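Enquirer: Okay, here's the structure, questions in a sec.
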């Protein structure tokens, strides 16, 4: 696809949304005419007009900045080799994040928030030959990678569910490396005991979490509802976990987070959903 056709495509045009603008009261007043306005409805109408004008100006600046960033991104050789869902995300969504970060940064920076620096890491993570050679690197970077992607989407007020196709594809692209790690571990998927356990008199009672194995299904309370999740991978020391949800979304957790969710009854081994209807 040429740069010209890309910039005029419907997909890229969907990048441009209305920016959330909340100017200070002083800013609104400074935009109002100095005379000819009364209090009440007239002032509110003028204030609303000022807000709309601010939003339109910001949206236009963001559109122009995003278009320049698309031109920069399409020149990356590693982007051309990426699967289509990843290309679509990086050319239709991520430029808006990059543009928004630049325009709202309090200081002039080339990459505020390091959102552009995330691009090569994302592209590396979807190269099958690379992640199969170094699956451990992928596993180590997945939690931060997913967190930064969600952070960027939050910056423009977009939920991860709005990019479900991308996140499902990303989970599928990462799965071979996760499965490779699991196969290398063979059946040694038990948690490492805490050092304090050796100080206890007698053997401690086995905890259900200590017997978790890849492939086990659990039930996680997230987004205001219970959902079934599958444990795809546990690191050899039992400190990091990768789950996949029913909608294809990925959940990366540390052992501490998983233990806290269990203590707060936000993750269960038995399906709690029928009980919610009682």
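In my numbering, the protein residues as written are 148 to 425. Ideal placement from N, C-alpha and C gives every residue a C-beta, glycine not left out. Just so you know, these numbers come straight off a predicted model, no measurement behind them.
Rounded to whole angstroms, what's the CA-CA distance from residue 415 to residue 377? Just pull it up for me.
Expert: Taking the chain shown and counting its residues from 1, one reaches residue 415 at position 268. Taking the chain shown and counting its residues from 1, one reaches residue 377 at position 230. Near 12 Å, if we compare the C-alpha coordinates of residue 377 and residue 415.
Enquirer: Based on the DSSP output, what are the partners of residue 254 in its beta bridges?
Expert: Residue mapping note: residue 254 aligns to position 107 of the chain shown, counting from 1. Note: residue 254 sits in no beta bridge, so no partner.
Enquirer: From residue 353 to residue 360, what does the alpha carbon distance come to, in whole angstroms?
Expert: One-based indexing of the chain shown puts residue 353 at position 206. One-based indexing of the chain shown puts residue 360 at position 213. Low local confidence applies: a pLDDT of 43 at residue 353 is under 50, so the model's placement there is unreliable, and no value is given.
Enquirer: From residue 214 to residue 296, what distance separates their C-alpha atoms?
Expert: Against the chain shown, residue 214 aligns to sequence position 67. Against the chain shown, residue 296 aligns to sequence position 149. Between residue 214 and residue 296, the C-alpha separation is close to 20 Å.
Enquirer: Beta carbon of residue 232, beta carbon of residue 216: below 7 Å?
Expert: Here the question's residue 232 lines up with position 85 in the chain shown. Here the question's residue 216 lines up with position 69 in the chain shown. In this structure, residue 216 does not lie closer than 7 Å to residue 232 by Cβ.
Enquirer: Within a Cβ cutoff of 6 Å, which residues of the same chain sit near residue 306, ignoring the five residues on either side of it in sequence?
Expert: Locating residue 306 in the chain shown gives position 159, where the first residue counts as 1. Cβ within range, chain order: n/a, list empty.
Enquirer: I need the boundaries of the alpha helix (DSSP H) containing residue 379, first residue and last residue.
Expert: Position 232 of the chain shown, counting from 1, holds the residue named residue 379. Careful: residue 379 lies outside any alpha helix (DSSP H), inside the beta strand (DSSP E) at 372-381.
Enquirer: With burial defined as no fewer than 16 other Cβ atoms inside 10 Å of the residue's Cβ, what is the status of residue 397: buried or exposed?
Expert: The sequence position of residue 397 within the chain shown is 250, counting from 1. That one is buried.
Enquirer: Given residue 237, which residues of its chain have a CB within under 7 Å of its CB, disregarding the five upstream and five downstream residues?
Expert: The sequence position of residue 237 within the chain shown is 90, counting from 1. So the qualifying residues of the chain are 220, 226 and 266.
Enquirer: Could you check what DSSP says for residue 305 in three-state terms: helix, strand or coil?
Expert: The residue given as residue 305 occupies position 158 in the chain shown. Coil.
Enquirer: Find the nearest neighbour of residue 250 within the set 319, 224, 229 and 209, judged by alpha-carbon distance.
Expert: In the chain shown, residue 250 corresponds to position 103, counting from 1. The shortest Cα separation from residue 250 among 319, 224, 229 and 209 belongs to 209.
Enquirer: Could you please give me the residues that DSSP links to residue 398 through a beta bridge?
Expert: Translated into positions along the chain shown, residue 398 becomes position 251. Per DSSP, the beta-bridge partners of residue 398 are 390.
Enquirer: Count the C-beta pairs between the region 280-288 and the region 248-264 that are closer than 8 Å, then say yes if the count reaches three, no if not.
Expert: no
Enquirer: If I follow the unbroken alpha helix (DSSP H) through residue 365, where does it start and stop?
Expert: Position 218 of the chain shown, counting from 1, holds the residue named residue 365. Counting along the chain, residue 365 falls outside any alpha helix (DSSP H), though it belongs to the beta strand (DSSP E) covering 364-369.
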